[in-house]
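Note that the working numbering gives residue 111 to position 111 of the sequence shown, counting from 1, and the numbers run on in steps of one. Quick reminder that beta carbons are idealized off the backbone N, C-alpha and C, glycines included. In this text, all values refer to a predicted model and were calculated from it rather than measured experimentally. All remarks here apply to the structure that follows.
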Amino acid sequence: HPNYTRVLRDDQALAVLKASTLALKEIRRSGSGGSGGDVASALPAGALGFDDGTRQRVAAWSVAVAELLKVFWRSFPVTSKALMERVERAATSLGKWEDKVKNDATFSADDPAAAHARQLLAPLLASIQMARSKFESLAAASRQRARRR
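And the structure:
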């Protein structure tokens with residue numbers, strides 16, 4: 001989707017990081033014991049028409065991607081080679097998660113539960129795409145600077 005591939009300014013990236021962090025805290029607080037235990041318990045059994053295994057997978061994916069997004073956005077502004085490497089590793093991992101989510105058979109089926117799952121996971125995928133777009137623009141600028149030298 002074209003709206004998900006625009007390049008974010010650093011202040012926008014910080015806003016995304018803050019929103020992701022708050023969402024992750026809310027997911028963890030909703031889990032058992034408020035200590036980030038079983039995050040899947042934040043969704044009630046049978047929620048969204050999913051079985052427990054699917055519900056746990058969605059929750060685990062959300063937490064894993066949120067953690068990677070935190071690592072990614074906290075690395076800005078990229079002022080050193082080490083930060084650039086961290087951003088690159090996070091972007092690569094995010095790409096793998098994006099493929100994993102998109103290719104999961106549960107969500108590619110043609111039924112109402114799968115359609116709902118795709119809708120539920122759309123913000124997660126959009127966040128990944130925004131981060132990867134930011135990385136691509138950063139990498140392009142870095143390559144351009146290297147060519148000038």
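(request) Enumerate, from N- to C-terminal direction, the unbroken alpha helix (DSSP H) stretches of 4 or more residues contained entirely within the stretch 79–132. (result) 81–103, 105–108
(request) Please report how far the alpha carbon of A82 lies from the alpha carbon of E88, in whole angstroms. (result) 10 Å
(message) Looking at chain D, is there any beta carbon in it that lies within less than 8 Å of the beta carbon of R145?
(response) In the structure shown, chain D cannot be found, because there is only a single protein chain.
(request) Since I believe V63 is in contact with L94 (beta carbons under 8 Å), could you give me their beta-carbon distance rounded to a whole number of angstroms? (result) Rounded, the Cβ-Cβ distance is 14 Å, inconsistent with contact.
(message) What would DSSP say about F76, mapped onto helix, strand or coil?
(response) coil
(request) Give me the Cβ distance between A90 and V71, rounded to the nearest whole Å; I'm assuming they're in contact under 8 Å. (result) 5 Å
(message) Can you give me the C-alpha to C-alpha distance between K102 and A60, rounded to a whole angstrom?
(response) 15 Å
(request) State buried or exposed for K96, treating a residue as buried only when at least 16 other CB atoms are found within 10 Å of its CB. (result) exposed
(request) Put D52 into one of helix, strand or coil per three-state DSSP. (result) helix
(request) Could you check the C-alpha separation between A40 and A109 for me, to the nearest Å? (result) Residue placement at A40 is poorly supported in this model, since its pLDDT is 46, which falls under 50; the coordinates still yield a value, given next. Their Cα atoms are separated by approximately 22 Å.
(message) One question on the structure: do V58 and A105 come within less than 8 Å of each other, judged by their Cβ atoms?
(response) no
(request) Check R149 in the structure and name its three-state DSSP category. (result) coil
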